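The numbering of the sequence shown is my numbering, which starts it at 31 and goes up by one. The C-beta atom is built at its ideal place from N, Cα and C for all residues, glycine as well. These numbers come from a predicted model, not from an experiment.
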Amino acid sequence: MKNYRETDPEFVERVEHFAFDEVVNEPGQQLDEVTRHMAILATLLGCQGTDVFRRELPQALDVGVTPVMAKEIVYQAVDYLGMGRVLPFLDITNEVLTARGVALPLEGQATTTMEDRLENGAQAQADIFGTQMLEAWKAGHINRWLAANCCCEPQLTSHAKGNMNLGNDKDFLIWVTSQCLPYIGSPRSLNAVTCVNKAAEG
């Protein structure tokens, strides 16, 4: 593991102050530690931050993210990122869990079977995004695959609206985005906030 405190002390001082003090302690933007670390793990998957993910996962586990939660974050990323981008994170997760004495595989968590996953996936999308999603999978093979794997509409605004339908309000989604800013940068974070605001309007 590289020691950036020795090679890049000023960089580390500023990054740590921003990510672990300013962002975490911004008034009105606080999240509980488990939610904050889950958001960071998901963000690191999205931006392909394998090195930081390897450092973040033990910290997340230390504050209460369970092995099941960590694995589920990785599994759910496949629909959005593809197996090629997710497999390195699954490897890291398995390495970290094994090093901590966690027996693999974890106990099964599936709530669907191979036979009922399409129907249940379509219903889950309908519950979140509206009843029009019940028939969307019939529009073609890609839609059917997305429904079977419970992948939702690709637009972030739709996901933000779905989150709001689940009870996560605009402020909460902006807090999550704020916590992720040090890991994905300002442009993507600002785009996410714009999508959250649009979702809240409609």
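Is residue i helix, strand or coil when you go by DSSP?
i      : result
Gln59  : coil
Thr73  : helix
Lys200 : helix
Leu91  : helix
Gly79  : coil
Leu134 : coil
Lys191 : helix
Ala140 : coil
Glu145 : coil
Lys32  : coil
Asp38  : coil
Gly112 : coil
Ignore the nearest five residues each way along the sequence and tell me which others in residue i's own chain have a CB closer than 8 Å to its CB.
i     : result
Phe83 : Leu71, Leu74, Leu75, Phe119, Ile122
Met68 : Ala90, Val95, Met99, Ile103
Are the CB atoms of residue j and residue i within a distance shorter than 7 Å?
i      : j      : result
Gln155 : Met144 : no
Val223 : Ala190 : no
Pro97  : Leu117 : no
By alpha-carbon positions, which one of the options ends up nearest to residue i?
i      : options                        : result
Pro212 : Gly58, Asp62, Glu86            : Glu86
Glu56  : Gln209, Arg218, Arg115, Lys191 : Gln209
Leu111 : Ala230, Leu220, Cys77, Ile214  : Cys77
Arg218 : Ile204, His47, Thr142          : Ile204
Leu220 : Leu196, Asn195, Thr161, Thr187 : Thr187
Gly160 : Gly192, Asp51, Ala129          : Gly192
Phe50  : Asp38, Thr37, Arg66            : Arg66
Ala140 : Arg130, Arg44, Tyr105          : Tyr105
Gly58  : Pro39, Glu40, Lys200, Thr142   : Lys200
Asp157 : Ala230, Lys32, Arg115, Gly197  : Gly197
Lys101 : Asp62, Asn195, Val53, Glu125   : Glu125
Who are the near neighbours of residue i in its chain, counting only those whose CB is closer than 7 Å to its CB and skipping five residues on each side?
i     : result
Val42 : Tyr34, Arg35
Val64 : Val93, Gly94, Val95
Excluding the 5 residues preceding and the 5 following residue i in the sequence, name in chain order all residues of the same chain whose CB lies nearer than 6 Å to its CB.
i      : result
Ile214 : Thr73, Cys77
Cys180 : Because the pLDDT at Cys180 is just 47, under 50, the model does not fix this residue reliably, and the value given afterwards should be weighed accordingly. If we look at Cys180 and ignore the five residues flanking it on each side, its Cβ neighbours are Gly151, Ala154.
State whether the region 149-169 contacts the region 129-136, with contact taken as three or more CB pairs (one from each stretch) at a distance under 8 Å.
No, they do not touch.
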